[in-house]
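One line per chain: the protein sequences are W and D, in this order.
Read left to right, the first sequence gives residues 1 to 52 (my numbering).
Read left to right, the second sequence gives residues 1 to 579 (my numbering).
In what follows, a single structure is set out as structure tokens and then discussed.
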Amino acid sequence: MGTVIAPLVSIVAGAVLGVTTLMGVISSQTGAPSQSPANAEAPTLEYGTVSE
Amino acid sequence: MPGVTRATDVRRTPLVAALPAVWTFLFSVVLLGPALGWGYVLTYDMVWVPQLDLRADTLGLGSALPRAVPSDAVVAVLDEVVPAVLLQKVVLLGSLLAAGTGAAALVAERSTAARLVAATVAVWNPFVVERLLIGHWPLLVGYAVLPWLVVSLRRGRREDRLPLVLPLLLVLGSLSASAGLATAVATLACGADRDRPRRTLALLALVLAANAPWLVAGLVQSGGGTSDPVGATLFATGDEGLLPAPWAALSLGGIWNAELVPVSRTGWAGVATTVLVVVAAAVALVRVGRGRARVDGLGGLVVCWGVGFGLALVSWAAPDTLGRLAATVPGGGLVRDGSRLLGLTVPLVVVLVAVSVDALLARLPDLAGRVMVGGVLALVPVSLMPDALWGVGGRLAAVAYPASYDEARTAVASAPAGDAVSLPFVSYRAPEWNNGGRRVLDPLGRYLDRPVVVNDELVVSGTRIAGEDPRAARVSEALAAGSPGERAAELHAVGVSVVVVEEIEGYPVPAVSGTTTLDGDLTVVELGPAEPRSASAVRRGAVGAAWAGWLALAAAPFVAAVRRRRSGSSATSGMDRQK
Numbered sequence: 001m002g003t004v005i006a007p008l009v010s011i012v013a014g015a016v017l018g019v020t021t022l023m024g025v026i027s028s029q030t031g032a033p034s035q036s037p038a039n040a041e042a043p044t045l046e047y048g049t050v051s052e
Numbered sequence: 001m002p003g004v005t006r007a008t009d010v011r012r013t014p015l016v017a018a019l020p021a022v023w024t025f026l027f028s029v030v031l032l033g034p035a036l037g038w039g040y041v042l043t044y045d046m047v048w049v050p051q052l053d054l055r056a057d058t059l060g061l062g063s064a065l066p067r068a069v070p071s072d073a074v075v076a077v078l079d080e081v082v083p084a085v086l087l088q089k090v091v092l093l094g095s096l097l098a099a100g101t102g103a104a105a106l107v108a109e110r111s112t113a114a115r116l117v118a119a120t121v122a123v124w125n126p127f128v129v130e131r132l133l134i135g136h137w138p139l140l141v142g143y144a145v146l147p148w149l150v151v152s153l154r155r156g157r158r159e160d161r162l163p164l165v166l167p168l169l170l171v172l173g174s175l176s177a178s179a180g181l182a183t184a185v186a187t188l189a190c191g192a193d194r195d196r197p198r199r200t201l202a203l204l205a206l207v208l209a210a211n212a213p214w215l216v217a218g219l220v221q222s223g224g225g226t227s228d229p230v231g232a233t234l235f236a237t238g239d240e241g242l243l244p245a246p247w248a249a250l251s252l253g254g255i256w257n258a259e260l261v262p263v264s265r266t267g268w269a270g271v272a273t274t275v276l277v278v279v280a281a282a283v284a285l286v287r288v289g290r291g292r293a294r295v296d297g298l299g300g301l302v303v304c305w306g307v308g309f310g311l312a313l314v315s316w317a318a319p320d321t322l323g324r325l326a327a328t329v330p331g332g333g334l335v336r337d338g339s340r341l342l343g344l345t346v347p348l349v350v351v352l353v354a355v356s357v358d359a360l361l362a363r364l365p366d367l368a369g370r371v372m373v374g375g376v377l378a379l380v381p382v383s384l385m386p387d388a389l390w391g392v393g394g395r396l397a398a399v400a401y402p403a404s405y406d407e408a409r410t411a412v413a414s415a416p417a418g419d420a421v422s423l424p425f426v427s428y429r430a431p432e433w434n435n436g437g438r439r440v441l442d443p444l445g446r447y448l449d450r451p452v453v454v455n456d457e458l459v460v461s462g463t464r465i466a467g468e469d470p471r472a473a474r475v476s477e478a479l480a481a482g483s484p485g486e487r488a489a490e491l492h493a494v495g496v497s498v499v500v501v502e503e504i505e506g507y508p509v510p511a512v513s514g515t516t517t518l519d520g521d522l523t524v525v526e527l528g529p530a531e532p533r534s535a536s537a538v539r540r541g542a543v544g545a546a547w548a549g550w551l552a553l554a555a556a557p558f559v560a561a562v563r564r565r566r567s568g569s570s571a572t573s574g575m576d577r578q579k
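What follows is the structure, encoded as structure tokens:
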């Protein structure tokens, strides 16, 4: 029983980490830019920009 | 209860016991990355300078709201012993290390894997990353103190006495108003006892003493302590990409400033993080409800979570209500940044996540499987927010001040008596030498050797949030006068004897008559001796008393430890004599 479960567990664990890493990397590369384009022309000395 | 263990029951080898500390250290270093390089991390509200002086405004006796009290005074004293450039690294790295190891200590009775997951969640989360980027370091120190506060209060309750380390934790956890508020909530939620009113009163007194410097300085402040209500709308908990604000807050994000949200949070990774946190919490609560797991002091943790999340939710759902509070109640502006107290939710989150991790691991038949799955789970928070790596992709890199800052400090030091003004009269700077234009609160406010009147008006998304400092308003009026001579005279009348000017494109500075003593990247113009603005005797007395209480609290653990040691050694020598 243990010999069957061990490889299964390792496959599932690897897959989970793979999927979450892929998700994180893709999100960080393709997500919306941190500065809204609508405010790109705003003066540089503002404190920040709220999400639209 | 079957299957339930207490922290004191767990016996571990030293290596296994130290694993969460080593793990947290590694992740903290990887997260901070270039922030640990030589120089200063200058980002938004985080301004560290080579030499911060202990003066009236750092003690809370200036005309502005005491936003950096007592943190600035503590730094001003400590940087006499440890160079500020090192002190900042110690504070940043120490905060993350304490947060991670504290989370592991909070679940000390659980498996090593669960402790490692708890440590990772406490360090690698949107709250930590976003507050690092906005520079709220006293809040992060308070955040790091929270789990240790809960642990020590739990122990104190079992031993039926207040923990010796409690005063020190309260002082460290109350380095700013927001941090102090969070620390106060956690202390009272986890330590107060209806059946022991004396203990509750003692806790209340300790909390008040720890927060006294900013609390008293704010109460006796000349501006009234109220804030512009529009700030509550702008600082409300914000959406993060696919996540509406309440969901963002559930997974410890939701800062108002969209520029500081890690990009990974705006995509499906942010959604996955939220789903995982909610599922883990639900599984754990079911297990606790069915009696299969026990969480020591769950009620207090739930109260902390409720306050932290509730405030974030209210600021999103009813910012106008918080705005009215800020505009009418002195100090009400403290809660206008809705997600600022989200750190209060973390102790419950890490405890519930640890319970669900153990529940999952218990289903695995062998040790190898548990180690592998535990390791994977401990890495999941990192894999879902990989852009936090290495100082959030270099955004936290340390920088060196240009030589012109030292030159300006020297020139201002030889100026006649009076305060300084930094021009252009706007709160923030974005100098090219700071990571290619990273925004930072005007460093001259702390860099110079004397109080600097700074503009506390903020601009967010093109909307102005009025400042609270009446003296800053008078400086604005003086700068609007018709001629350089009139401007100099009016500034002089406000107690300003020297002006430092930086040329920034798009921000023209009105000319001020005076003697130019430095003409470089920063220009220093002396206006002549001005009458120093000192606080009234009543105000000085009140703030002095607050500091006396704070100092007594900070010294209490050391005094108690020395007393205990002395009484121990005298008891030992007494025993020796009896032999």
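Ideal placement from N, C-alpha and C gives every residue a C-beta, glycine not left out.
Check                                                                                                                                                              : Outcome
Can you pull the chain D neighbours of Ile-26(W), defined as C-beta to C-beta under 8 Å?                                                                           : Gly-267, Trp-268 and Ala-269
Do you know how far the Cα of Arg-363(D) is from the Cα of Pro-66(D)?                                                                                              : 53 Å
Among Ala-217(D), Trp-550(D), Leu-491(D) and Pro-386(D), which has the Cα closest to the Cα of Val-538(D)?                                                         : Ala-217(D)
Let me confirm a value: Pro-470(D) is counted as buried when at least 16 other C-beta atoms fall within 10 Å, else exposed. Which label applies?                   : exposed
Look up Val-49(D) in the DSSP assignment and say whether it is helix, strand or coil.                                                                              : coil
Look at the Cβ atom of Leu-93(D), then the Cβ atom of Leu-32(D), and state whether they are nearer than 8 Å.                                                       : yes
With a cut-off of 8 Å, does the C-beta of Val-4(W) fall near any C-beta of chain D?                                                                                : no
Between Leu-250(D), Val-452(D) and Trp-23(D), which lies nearest to Leu-348(D) when the distance is taken from Cα to Cα?                                           : Leu-250(D)
Which residues does DSSP list as the beta-bridge partners of Asn-257(D)?                                                                                           : Val-50(W)
Which of helix, strand or coil does DSSP assign to Leu-59(D)?                                                                                                      : coil
Give the interface partners of Trp-124(D) over in chain W, defined as CB-CB distance under 8 Å, in chain order.                                                    : Chain W residues near Trp-124(D): none, gap ~11 Å exceeds 8 Å.
Grouping DSSP H, G and I as helix and E and B as strand, with all else coil, what is Asp-358(D)?                                                                   : helix
Checking contacts by CB at 8 Å: is Gly-369(D) closer than that to chain W?                                                                                         : yes
Restricting to Cα atoms, I'd like to know which of Val-81(D), Val-141(D) and Ser-152(D) is closest to Ala-105(D).                                                  : Ser-152(D)
When you compare the CB positions of Tyr-447(D) and Tyr-405(D), do they come within less than 8 Å of one another, or not?                                          : yes
Taking 8 Å as the CB-CB cut-off, is Met-46(D) touching chain W?                                                                                                    : no
Given a cut-off of 8 Å, decide if Phe-27(D) and Trp-124(D) are closer than it, judged by their beta-carbon atoms.                                                  : yes
List, in order along the chain, the chain W residues whose C-beta lies closer than 8 Å to that of Glu-502(D)?                                                      : Residues of chain W passing the Cβ test: none, with the nearest at roughly 11 Å.
My guess is that Thr-49(W) and Gly-267(D) are in contact by the Cβ rule of under 8 Å, so how many angstroms apart are they, rounded?                               : At roughly 19 Å, the Cβ-Cβ gap does not stay under 8 Å, so Thr-49(W) and Gly-267(D) are not in contact.
So, does the CB of Ser-10(W) fall closer than 8 Å to a CB anywhere in chain D?                                                                                     : yes
Give the straight-line distance between the Cα atoms of Pro-167(D) and Arg-161(D), rounded to the nearest whole angstrom.                                          : 13 Å
Could you check whether the Cβ of Ser-111(D) sits closer than 8 Å to any Cβ belonging to chain W?                                                                  : no
Given a threshold of 16 other Cβ atoms within 10 Å of its Cβ, counted over all protein chains shown, does Phe-235(D) qualify as buried or as exposed?              : buried
Excluding the 5 residues flanking Ala-466(D) on each side, which residues of the same chain have their C-beta closer than 7 Å to its C-beta?                       : Asp-228 and Glu-457
Check the Cβ-Cβ distances between Tyr-447(D) and every residue of chain W, and say whether any is below 8 Å.                                                       : no
Nearest to Asp-358(D) by alpha carbon, out of Thr-112(D), Leu-203(D) and Gly-39(D)?                                                                                : Thr-112(D)
If we define contact as Cβ-Cβ less than 8 Å, is Ala-272(D) a contact residue for chain W?                                                                          : yes
Any chance you could list the beta strand (DSSP E) runs of at least 3 consecutive residues sitting entirely within the segment 270-300 of chain D, in chain order? : none
Please state the DSSP three-state secondary structure of Thr-8(D).                                                                                                 : Per-residue confidence for Thr-8(D) stands at a pLDDT of 46, beneath the threshold of 50, marking its modelled position as unreliable; the derived number appears in the next sentence. In this structure, Thr-8(D) counts as helix in the three-state DSSP scheme.
Arg-439(D) and Tyr-44(D): beta carbons closer than 8 Å?                                                                                                            : yes
Spell out whether any CB of chain W is found under 8 Å from the CB atom of Glu-130(D).                                                                             : no
With a floor of 4 residues, list each alpha helix (DSSP H) that falls wholly inside the segment 167-238 of chain D, ordered by position along the chain.           : 177-191, 197-219 and 230-234
Who are the near neighbours of Thr-517(D) in its chain, counting only those whose CB is closer than 8 Å to its CB and skipping five residues on each side?         : Ala-411, Ser-414, Ala-415, Val-524, Val-525 and Glu-526
Can you list, in chain order, the stretches of the alpha helix (DSSP H) that have 4 or more residues and sit fully within the segment 418-458 of chain D?          : 444-447
Measure the Cβ-Cβ separation of Ala-312(D) and Ser-339(D) and say whether it is below 8 Å.                                                                         : yes
Pick out whichever of Val-150(D), Pro-14(D), Ala-403(D) and Asp-320(D) has its Cα sitting closest to the Cα of Arg-336(D).                                         : Asp-320(D)
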